[in-house]
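Written below as structure tokens is the structure these notes are about.
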Amino acid sequence: MDFTFSEEHNMLRDMVRKFTANEIKPLAAKIDKEHKVPRELINKAAELGLLGLPFPEKYGGAGMGEIGYCIMLEELSRGCASTAVTIGAHISLCSTAIYLDGTEEQKQKYLVPLAQGKMLGAFGLTEPQAGSDAAAIETTAVRDGDYFVINGSKIWITNGDIADVIVLFAVTDKALRAHGGVTAFIIETKTKGFSVGKIEEKMGIRGSSTAELIFQDMRVPKENVLGQFGAGFITAMKTLDIARLSLAAGCIGASKELLNLSMDFAKKRKQFGKPIGEFQAVQWMLAEMAAEIYAMESMTYRAAWMCDSNIRFSKESAICKMYCSEALDRIVDKAMQIHGGLGYMADYPIERFYRDARINRIFEGTNEIQRMVIAESLLKGGLY
Ligand SMILES: Cc1cc2nc3c(=O)[nH]c(=O)nc-3n(C[C@H](O)[C@H](O)[C@H](O)COP(=O)(O)OP(=O)(O)OC[C@H]3O[C@@H](n4cnc5c(N)ncnc54)[C@H](O)[C@@H]3O)c2cc1C
154 MDFTFSEEHN
164 MLRDMVRKFT
174 ANEIKPLAAK
184 IDKEHKVPRE
194 LINKAAELGL
204 LGLPFPEKYG
214 GAGMGEIGYC
224 IMLEELSRGC
234 ASTAVTIGAH
244 ISLCSTAIYL
254 DGTEEQKQKY
264 LVPLAQGKML
274 GAFGLTEPQA
284 GSDAAAIETT
294 AVRDGDYFVI
304 NGSKIWITNG
314 DIADVIVLFA
324 VTDKALRAHG
334 GVTAFIIETK
344 TKGFSVGKIE
354 EKMGIRGSST
364 AELIFQDMRV
374 PKENVLGQFG
384 AGFITAMKTL
394 DIARLSLAAG
404 CIGASKELLN
414 LSMDFAKKRK
424 QFGKPIGEFQ
434 AVQWMLAEMA
444 AEIYAMESMT
454 YRAAWMCDSN
464 IRFSKESAIC
474 KMYCSEALDR
484 IVDKAMQIHG
494 GLGYMADYPI
504 ERFYRDARIN
514 RIFEGTNEIQ
524 RMVIAESLLK
534 GGLY
């Protein structure tokens, strides 16, 4: 067993850490207040090659695979969850779906500009009546000659209002539902019949946009069917397996930042004539945070290695998503406790991390759904 990161991965980590420290951290509070990640920041990430990082060079990427991608998301998440989620939805959800199931032509037409940051992507699955039960979507795609005509709406789509390209899931055979009745499409948002509805106000990741999408007789050429006709649900699930790993990596980055902030504070803040870090109650919280981070790192990079090694990792991905998002909630709670009243004040970043952390247990499949995926895999697979 070799648990060391390659020289290339270490260099990548240093580069993204510097980018986060210099370009993202100074803007994080403003992004949260103004509910907007500046496009220039995304462009700067693109200039560094970050928007195509996991994909092969022939598709405009850096060929760094899932391990490299997790390192990047971990480091970005030290600075600003909104920025990490904006970039994450673009890569993990939109570009990954095209990379996994797109034709060569689709990859050249869409994945390359997405990887270069010339286009921004989103992933449209959720609808008002179809959250955890994603197979219950009602948006339809009806064949009309060389086109499909799309009608319906999506809600809570990250980057939905700023995306140029959306991987969209629609019903092509209602009777079949998830088993052959859902098809994925690549749609361009400049197409007639597409519009953006409500933009949500949120508790956290406030700089990441969350939008309603409306489709009224939107015509999509048949060449834009992504993957096999009727196999859209499989595309969605494969994509989410990968996305959940990078979500877990984001939780590691936020947790490390919170531990650093807490250690620094524990050394500086004095009560009863000494630094609070000398009290055992505070030391135990720091130790427990470190232990959780160790577990999160171990499981996430092991699963990322499985992904890069073409070993099935759906169960592991669900375990990482569930465990890391819940560990982050425990860690951010301890960080708040260590900071006392100052942690609760908006002048300190802890309260922003606290609000931003909570979404990780909800999106990309709630943690209850992850438990179902894990249990199903366990019960099918026999003894552990
Ligand atoms: C900020 C944000 C960004 C998002 N971005 C995107 C995006 O880019 N693209 C996209 O397609 N979607 C996106 N979503 C949607 C997200 O994936 C869904 O919110 C999520 O899948 C859960 O669906 P729901 O919110 O409708 O909850 P529901 O499915 O209504 O669940 C409500 C509760 O019931 C529980 N529950 C449901 N079914 C079961 C069951 N069978 N067993 C046990 N418990 C169950 C859930 O775990 C949860 O606790 C986003 C959501 C948010 C909040």
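Mapping the sequence shown onto my numbering, position 63 (from 1) lands on 216, and the numbers just tick up by one. We put the CB at the ideal spot given by N, CA and C, even for glycine. Please read these numbers as outputs of a predicted model, since none were measured by experiment.
| Check | Outcome |
| --- | --- |
| Buried or exposed (CB count within 10 angstroms, at least 16 for buried), residue 452 | buried |
| For residue 514, the residue or residues it bridges with in DSSP | Residue 514 pairs with nothing; no bridge assigned. |
| Boundaries of the alpha helix (DSSP H) in which residue 453 is found, first to last residue | 433-461 |
| Per DSSP, cross-strand counterpart(s) of residue 269 | DSSP output for residue 269 lists no bridge partner at all. |
| Given residue 460 as reference, the closest of 198, 167 and 219 once Cα atoms are compared | 219 |
| Inter-residue spacing [alpha-carbon to alpha-carbon] between residue 494 and residue 433 | 20 Å |
| Identity of the residues DSSP links to residue 280 by a beta bridge | 283 |
| Cβ-Cβ distance between residue 313 and residue 195 below 8 Å | no |
| Any non-hydrogen atom of ligand 1 within 7 Å of residue 284 CB | yes |
| Where residue 372 falls: helix, strand or coil (DSSP) | strand |
| Closer than 7 Å: residue 512 CB and nearest ligand 1 heavy atom | yes |
| Exposure of residue 504, with buried meaning 16 or more beta-carbon neighbours within 10 Å | buried |
| 7 Å CB neighbourhood of residue 162 in its chain, flanking five on each side removed | 220, 221 and 224 |
| Alpha-carbon to alpha-carbon, residue 378 and residue 240 | 24 Å |
| Range of the contiguous alpha helix (DSSP H) that encloses residue 249 | 249-254 |
| Neighbourhood of residue 375 by C-beta distance below 8 Å, restricted to the same chain and skipping five residues each side | 296, 299, 300 and 301 |
| Assigned exposure category for residue 157 - 16 Cβ within 10 Å defines buried | exposed |
| Beta-carbon proximity check, residue 340 vs residue 347, cutoff 8 Å | yes |
| Residues that residue 506 bridges to, as DSSP identifies them | According to DSSP, which records beta bridges pairwise, residue 506 is partnered with nothing at all. |
| Among 515, 247 and 529, nearest to residue 317 - alpha-carbon criterion | 247 |
| Given 8 Å, three or more beta-carbon pairs between the stretch 470-481 and the stretch 393-410 | yes |
| heavy atom of ligand 1 below 7 Å from residue 479 C-beta | no |
| Contact belief for residue 320 with residue 276 at Cβ below 8 Å, rounded distance in angstroms | 5 Å |
| Ordered list of alpha helix (DSSP H) runs contained in the stretch 371-424, each at least 4 residues | 385-421 |
| Cβ pair residue 491, residue 435 closer than 8 Å | yes |
| Close beta carbons around residue 166, own chain, < 7 Å, minus the five adjacent residues each side | 224 and 228 |
| Spatial distance of residue 404 from residue 513 (CA atoms) | 8 Å |
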